[in-house]
Every structure is written in structure tokens, then in C-alpha cells.
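Remarks on the structure that follows.
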Amino acid sequence: MLELRLVQGSLLKKVLESVKDLVNDANFDCSATGFSLQAMDSSHVALVALLLRSEGFEHYRCDRNLSMGMNLNNMAKMLKCAGNDDIVTIKADDGGDTVTFMFESPTQDKIADFEMKLMDIDSEHLGIPEAEFQAIVRMPSAEFARICKDLSSIGDTVVISVTKEGVKFSTRGDIGTANIVCRQNTTVDKPEDATVIEMQEPVSLTFALRYMNSFTKATPLSNQVTISLSSELPVVVEYKVAEMGYIRFYLAPKLEE
Amino acid sequence: RQEQSPLTIYFHNL
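So the protein lines, in turn, are chains L and A. Numbering of the first sequence is given in my numbering, commencing with residue 80 and proceeding in unit increments. Numbering of the second sequence is given in my numbering, commencing with residue 578 and proceeding in unit increments.
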């Protein structure tokens, strides 16, 4: 028996909106630790890892570890039917072939339940080693989204370079080139407006903008994004999910042939 | 010329 009650149901809506275009089907894993997902996109270039810790739920009952295969587009369709202020409860029976999403309005005057069919998914689970990063950039998520969107109108790839001068996003296309430099800025009124660059050594990596733009669909989840870079390692683009967890996107770099 | 590397080069299957 599984029963997870999330008062801030809009978080789950936002999570689904941010992954549904990247991954079609995925297994949600439920354990004492929390509600999690790890899935690769169909071309095995990008990976999404989600963790919503059990402490973040108002009520969290998971009698035994459960893996539920879901079509993310269908799950997003159902969660779209929840109001932004609704409390969302996820319910499933051990060994059952459905999951129920229950939506309660804050005043309890409307209660809806949506039952969705589960599916069997053969998913590969990848071991992600703890890595030391050469550079970690924390910046406003809306700024990062704007940069990725702007650059993708010029080119297909972005070179992200971190030096002591700051972080540079560059692209090149048929019509010309573009460079955007963001410097460290911690003298801001609100902490979410800060740009913080922790650099162990300079690093420069190239990534497909198509994927970066897809990751920025998680922007509504968090005011800040963290971009962790290391030579010839996948970049990690992380958005915190309130106080309860994170959504991390991994993207393999493009390499010189 | 640049080639997109797959993730499985970096992460192993569990």
C-alpha cells in the first residue's frame, strides 16, 4: 500500500511539465527515502533524476518498495486537472496495475480522483558516481532559460566556459556568433538574483541547445539553477524542488571527432 | 566536427 499526500500539489504538476517532453515512459520508485525517478531520453544522451524526499510529504506511507511504470505524458494530462492550490495524494496497492491521483481543493469542497493505468517498463538504471566538479555555477533560473532560448535562435550548440572572469555561453550558426558572459554577482537585494561561480579550474564544454532548452522547462520549480561542469563528464543542471528534493538533468557533452 | 557522446560512456548500467 502506497499513500503519499503532498500539500503543495503544484510541485508535482511542475515536475511533470518539466520532464514529459524529455522522457516518454519511466518507472517511479517509492521507498522509505522518498518518491524518485531516473530515466534517460530515447537517444541515451540526457538523463533526468528526480527525488522528492519522504519528509516533504504531509503523509507518506510506503509499506514496501514499489516501482510504478508510467507514461509521463498521460500522468501530466491527469495532473493538469489538479488546481494549483490543490492537495495531491498518490495512491497505489502493492501489485496493482493502476495508480490513483486524488486532488482536494484547499477548502475541501471539491475532491476528484483520477485512476491511471500503470505499464511495465524495462528501464536501465545507471550508476551515477559522485564526481568532483571543476566549476559550479549557481544563477537565476530565468536568466539561464533566457540565455538558452536566445542562443538557440543563432546556433544548435552552446559552449559553456568558466574562467575567473565568469561564465561564458557561446554559440555559432549560419548567421553569425553570440557570446553571453555572466559575472559573479553576490551584491543583490534578493539571494535568488545572485550569480555565484565556484571554480577549481577553468573548464569549457559543448552541449546541444535542444536539450538545454528542454531542461529549462523546470524553471518554474526554482528561482535558481545550479550548473556543475567537469571536463568530459556530463553536465548536471539542477533545480531544487522546494525544501523536499531536486530534479537533476544530466547531459553528455559533444566531443571533437 | 563534433559528435554527441551517449551518457552510457560515463555512467555504467546497474
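For each residue, glycine too, the CB sits at the ideal point set by N, CA and C.
Note: Lys-93(L) is not bridge-paired with any residue in the DSSP secondary-structure output.
Between the alpha carbons of Lys-99(L) and Thr-298(L) lies a gap of roughly 14 Å.
For the stretch 204 to 215 of chain L, the set of residues with a beta-carbon nearer than 7 Å to any beta-carbon of chain A comprises His-204, Leu-205, Gly-206, Ile-207, in chain order. Contact between Leu-81(L) and Leu-145(L) is confirmed by a C-beta separation of about 5 Å, below the 8 Å threshold. Selection Ile-306(L), Met-157(L), Ala-257(L) evaluated against Met-291(L) yields Ile-306(L) as nearest (Cα-Cα). At a cut-off of 9 Å between beta carbons, Lys-93(L) makes no contact with chain A. As the crow flies, the alpha-carbon of Phe-114(L) is around 15 Å from that of Met-154(L).
Taking the beta carbon of Leu-334(L) as reference, the chain A residues within 7 Å of it are Gln-579, Glu-580, Ser-582, listed in sequence order. Per DSSP, the continuous alpha helix (DSSP H) segment holding Asn-153(L) begins and ends at 151 to 159. C-alpha of Phe-136(L) to C-alpha of Asp-253(L): approximately 49 Å in a straight line. Ranked by how close their Cα comes to the Cα of Ser-220(L), the residues Lys-92(L), Leu-95(L), Leu-85(L), Val-320(L) have Val-320(L) in first place. Under the three-state reduction of DSSP, Arg-225(L) is assigned to helix. Within its own chain, the residues whose Cβ lies closer than 8 Å to the Cβ of Arg-140(L), once the five positions on either side in sequence are excluded, are Met-80, Leu-81, Glu-82, Leu-83, listed in chain order.
Chain A has a Cβ within less than 9 Å of the Cβ of Tyr-329(L).
Only residues of its own chain outside the window of five on either side were considered, and among them Phe-212, Gln-213, Ala-214, Ile-239, Val-241, Val-282, Leu-284, Val-314 have a CB closer than 7 Å to the CB of Leu-308(L), listed in chain order.
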